[in-house]
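Protein chains in written order, with our numbering: chain A, 1346 to 1690; chain B, 199 to 693.
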Amino acid sequence: MIRNRLRRMAKSNELYVFLVILLIYAIVSIISPVFFSAYSVVSVLKTAIEPLIYAVGAYLVILSGGIDITVAGIGAFSMFTATKIVYEMNYEGSALLPYVLAVAFGTGLGMINGLLISRLKIPPMIATLGMNSIINGVMLFFIGSREISRVPIGILTAGRTYLLTVYNANGVAAPLSTTVFIAIALLIIMFLFLRYTMLGANIFAIGGNTESAMRAGINVPNTQLIVYTIAGALYGLGGMVHTITYVNSNPMDLIGQEMITIAAVIIGGARITGGHGTLTGTVLGVLLIQLVNNCLNTVGIPTYWQRFVVGMVLVIGTSLTAYQALKEKRKLHVEISPAPQTTKE
Amino acid sequence: MSDVFLRAANINKSFAGVHALKGVNLTVKKGEVRCLIGENGCGKSTLIKIISGVYTPDSGEIEIEGHKYSKLTPSEAMNRGIQVIYQDFSIFPNLSVANNIAMNTLRVEKKKFVNWKLIRERAQRALDHLDVKLDLDEKAEALSVADKQIVAICRAIIQDAKLIIMDEPTTALTKKEVTSLLKIITQLKQEGISVIFVTHKLEEVMDVTDTVTILRNGSTVIDGEKTSDFDISKFAYYMTGREIKDEPFVQQIKNGKEVLRVEHLSLKDGFEDVSLTVNSGDIVGVTGLLGSGRTEFAQCLFGQYPPTSGKIFFEGKEVKIKSVQDSIDIGIGYVPEDRLTEGLFIKKSIASNIYVGVLDKYKKNLGISDIRALKEVGEKWVKELAIKTPDPENIISTLSGGNQQRVVLAKWLARNPKLLILNGPTVGVDIGSKSEIHKIIRQLANNGMAVIIISDDIPELLANCNKVAVMKMGRIVGEFDTKELAPDQLASMLA
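Spelled out as structure tokens, the structure:
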């Protein structure tokens, strides 16, 4: 039993991603020893909070066998509209209201995704591609897209509340925002949800084999609806975390986020066909991408190369697993008898 | 009549005007193992779906343990203890053995939360009950076919199954695995669980089942008579409504020109030191159990796996087969085991499935395909092989298994290969079409083609081949003239 468990662990994608993270950390630390510090760890963590929240949403969708590219659309719409509302209201309360608004917008938009996919059976790729366009169009036309840099006081305060701050040798600060608690709480809730609720078990089931799930009496459309709704809510939440972290609400910041998010989930070991992948893998995938970005900064490579590198990580990472699967599939399994037996002529 | 578990009476069902079931009757007693046979399209699967509540019959009555239903829902059927094990086992490949076995019980109990301890306990209990050992944490996709089936059976048992319907349960099992499946079925029977066993393999019917129900063209021909009163030819007669005689193959071209000769051919983890000669006019059988290397040998000749060592001669000249294209260019055709996924473009027309093999031969200027000539090729072969269709432009999935297999044959015949390799040419093909396909193969050989049949269907090999090579653990352990061979002798060589 224990041997089986070790064997499974050795094959697990999470382990490889974790080793790659350690490897990158070690290599960069050797190239530039200043990197080996609490400062760089916190720098990676603080930038990982927002993408992690998106990634958990995208992970749920991919786990259920779907795909959702409204990450940036819903995220930007929710955070910007929420900020704009509290801004126009001259609201002076805490960040709670903008959070609630953003999550509500995200929930509503996610639910529309879910309805299109589960009720009208529109392929998820098409449904969310269309929705992303619609959301962006609506935002540009009705709400505008001029960034709000003089954010309401509640958002400002929340953005300036740090859990801890570390400094590098030059005295540059890396503050870890209290939004980290949101990410931690989310991970705990999501872990419990997926492991201990029937709904969570059903998401794994429909991602593994939709036909069997229907035969087992699972309400597949409702499960899908819930998945896309939760995902939408998380994109809204992530968007608000963005505004709070950067004390600035600019919808353009999120452009391209959907691809990075999906990349993180896939690098973390989730299969695009659904059913496979863990929360731990998703966290590691996000950390890997953020670490790569951070390292490129440290080594002094311009930001536009970051997308190139993320793309390379994705292509190489998936090629390795695909190659292994291919090799496994091509392998023959005939047990050949040792010595030539007597052949009758 | 308290010992009757299920009674389906006078069931009618039509689909878009096609009368699929015409007054079908089926009665199954408690603890009875019933075999349900019939040709493809006779209504077996429709009947199963009605019993399990997936389809609603147009008229008729279903009675389960005395409760009458005119309309049965899938969950009612399940609550009453009817469990279907489909050919794909309805397994979740991404989930653990324990999850696959026991999660459904929580779903039925309408639980909101997952109690993993309970799931493991229940799954373990089911496995212990059948006296099998499986790792509860292993993912189902890593299991062998036989183990997946065990998981499906366990899942059915712990949901208080009283009637388990198994759809072609032995198709992908090795002989040993079939034996242990039969042991499990016997055990279920002793516990009072009824089993409906749907199969194409008539030889099995005798070993396993008490009684038999035969459907033909949507009507019940036989319901619940003792299996021991039948033999294979009687089954065949009731299934098809006519006498099927499998006359032995009379080879017309004896000592034909050598087409294929392999010498000491080996493939790593596939087979070792295989030598074989096939002449024009020969039908050579290659047999062995699943995992004996027979399929790997065929795939190697067809270029799917290049050999590790040894020599291949084609018409006397040494050839190197490194890819499927090489093999086709030399003049080899290969009809794969799984025609649906490997042999056909299932959403394309019958004609295009035939002419796809000769696209390169009918070209106009600039390399544009000559569609008209290609369609003629399709029509010609539809006629030649008597493929039953009103129009060659119909899509291939409208055909029955036997006719689909003819299309796969036609695709190769259109290329006029010198050597045709058939892997399980009649697997999943019903008995009537089976003898038609055999006729076609014999005719090909008698017209000068060299044919290799890979099969574990011993009667099929004895009736159609002039020579049989037996493989065991990757090696050829014997080569026989079929005239000098008794069926039992071959069967014992295999084991």
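All C-beta atoms in this analysis are idealised placements derived from N, C-alpha and C, irrespective of residue type, glycine included. Keep in mind it's a predicted model, so treat the numbers as computed, not measured.
- Indicate whether at least one CB of chain B lies closer than 7 Å to the CB of A:E1359. False, the Cβ-Cβ gap to chain B never drops below 7 Å.
- Query: In or out: B:H462 buried (at least 16 other Cβ within 10 Å) or exposed?
  - Reply: That one is exposed.
- State buried or exposed for A:R1350, treating a residue as buried only when at least 16 other CB atoms are found within 10 Å of its CB. Of the residues assessed, A:R1350 falls on the exposed side of the cut-off, its CB having fewer than 16 other CB atoms within 10 angstroms.
- Would you identify the three-state DSSP class for B:Y284, choosing helix, strand or coil? Secondary structure at B:Y284: coil, using DSSP grouped into helix, strand and coil.
- Message: For chain A, check one thing: does any of its Cβ atoms lie closer than 7 Å to the Cβ of B:V666?
- Response: No, B:V666 lies away from the interface with chain A (no Cβ there is under 7 Å from its Cβ).
- Residues of chain A with CB under 9 Å from B:I289, in chain order? Those are G1553, N1554, S1557, listed as they occur along chain A.
- Per the contact definition of three or more C-beta pairs closer than 8 Å, is the segment 337-356 of chain B in contact with the segment 364-375 of chain B? Yes, the segment 364-375 of chain B is in contact with the segment 337-356 of chain B.
- Identify, in the order they occur along the chain, each residue of the same chain with its Cβ nearer than 8 Å to the Cβ of A:Y1404, setting aside the five sequence neighbours on each side. The residues are V1610, G1613, A1615, G1622, L1624, T1627.
- Can you pull the chain B residues whose beta carbon is under 8 Å from the beta carbon of A:N1349, in chain order? In chain order: D333, D335, E336.
- Indicate the three-state DSSP secondary structure (helix, strand or coil) for A:P1520 in the structure shown. Three-state DSSP puts A:P1520 in a strand.
- Task: State yes or no: is the beta carbon of B:G229 nearer than 7 Å to at least one beta carbon in chain A?
- Result: At a cut-off of 7 Å between beta carbons, B:G229 makes no contact with chain A.
- Assigned exposure category for B:W610 - 16 Cβ within 10 Å defines buried: Burial state of B:W610 is buried, judged by a 10 Å Cβ sphere holding 16 or more other Cβ atoms.
- Query: DSSP state of A:I1577, grouped into three classes?
  - Reply: Contrary to the premise, residue 1577 of chain A reads as Gly rather than Ile in this sequence. Helix, per DSSP.
- Message: So, with DSSP's three-state summary, where would you put B:F511?
- Response: In this structure, B:F511 counts as strand in the three-state DSSP scheme.
- Does the beta carbon of A:T1625 sit closer than 7 Å to a beta carbon anywhere in chain B? No, A:T1625 does not count as interfacial toward chain B.
- Task: Could you check how far apart the C-beta atoms of B:V349 and B:I299 are, in whole angstroms? I think they sit under 8 Å.
- Result: Going by Cβ atoms, the distance from B:V349 to B:I299 rounds to 6 Å, so yes, they are a contact pair.
- Query: How should B:K211 be labelled, buried or exposed, when 16 other C-beta atoms within 10 angstroms of its C-beta is the threshold for buried?
  - Reply: By the 10 Å Cβ count, B:K211 comes out buried.
- chain B within 7 Å of A:R1352, Cβ atoms only: Contacts with chain B at 7 Å (Cβ-Cβ) do not include A:R1352.
- Message: Does the CB of B:G672 have a neighbour CB from chain A at under 7 Å?
- Response: Closer than 7 Å to some Cβ of chain A, the Cβ of B:G672 qualifies, so yes.
- Three-way DSSP call (helix, strand, coil) for B:M647 in this model: The DSSP-derived three-state label of B:M647 is coil.
- Item | 8 Å Cβ cut-off: residues of chain B touching A:M1543 | Ordered by position in chain B, the residues that pass the 8 Å Cβ test against A:M1543 are L304, R305, K309, K310, F311, V312.
- Where do the ends of the beta strand (DSSP E) carrying B:G531 lie? Where B:G531 is concerned, the enclosing beta strand (DSSP E) stretches over 530-533.
- Message: Please give the ranges of any alpha helix (DSSP H) in the segment 1346-1428 of chain A, keeping only runs that are unbroken, at least 4 residues long and fully inside the region.
- Response: Taking only runs of at least 4 residues, the alpha helix (DSSP H) segments lying wholly in the segment 1346-1428 of chain A are 1347-1356, 1358-1376, 1383-1408.
- Report the option in A:I1366, A:L1390, A:A1608, A:G1418 whose CA atom is closest to the CA atom of A:L1582. The residue with the shortest Cα to Cα distance from A:L1582 is A:G1418.
- Query: Hey, B:V216 and B:G241 are a contact pair by Cβ (cut 8 Å); roughly how many whole angstroms apart?
  - Reply: Rounded, the Cβ-Cβ distance is 10 Å, inconsistent with contact.
- What residues are listed by DSSP as bridge partners for B:T411? Note: B:T411 sits in a beta bridge opposite B:L234, B:D421.
- Measure how close the beta-carbons of B:D421 and B:V396 come, nearest whole angstrom, since I'm counting them as under 8 Å. Rounded, the Cβ-Cβ distance is 15 Å, inconsistent with contact.
- Query: At a cut of 8 Å, does the segment 435-454 of chain B reach the segment 269-289 of chain B through at least three beta carbon pairs?
  - Reply: No: fewer than three Cβ pairs fall under 8 Å.
- Item | Near-chain A residues of the segment 201-216 of chain B - C-beta to any C-beta below 9 Å | Legend: CB atoms of the segment 201-216 of chain B lying less than 9 Å from CB atoms of chain A are not found in any residue.
- Message: What would DSSP say about B:T271, mapped onto helix, strand or coil?
- Response: Looking at B:T271 - three-state DSSP - the assignment turns out to be coil, as it is neither helix nor strand.
- Item | 7 Å Cβ cutoff, A:G1562 in contact with chain B | Put simply, the CB of A:G1562 is near chain B, with a gap under 7 Å to one of its CB atoms.
- Item | Residues within the segment 1663-1677 of chain A neighbouring chain B, beta-carbon criterion of under 9 Å | Flagged, chain order: R1675, K1676, L1677.
- Task: Could you tell me whether the Cβ of B:N277 comes closer than 7 Å to any Cβ of chain A?
- Result: By this cut-off, B:N277 is not an interface position.
- Query: For the segment 445-470 of chain B, which residues have a CB atom closer than 8 Å to at least one CB atom of chain A, in sequence order?
  - Reply: Against chain A - using a Cβ distance shorter than 8 Å - the residues of the segment 445-470 of chain B are L465, K466, D467, G468, F469, E470.
- Query: Does DSSP put B:T485 in a helix, in a strand, or in coil?
  - Reply: Strand.
- Message: How far does the beta strand (DSSP E) with B:K670 in it extend, from its first residue to its last?
- Response: According to the DSSP assignment, B:K670 belongs to the beta strand (DSSP E) that extends over 665-670.
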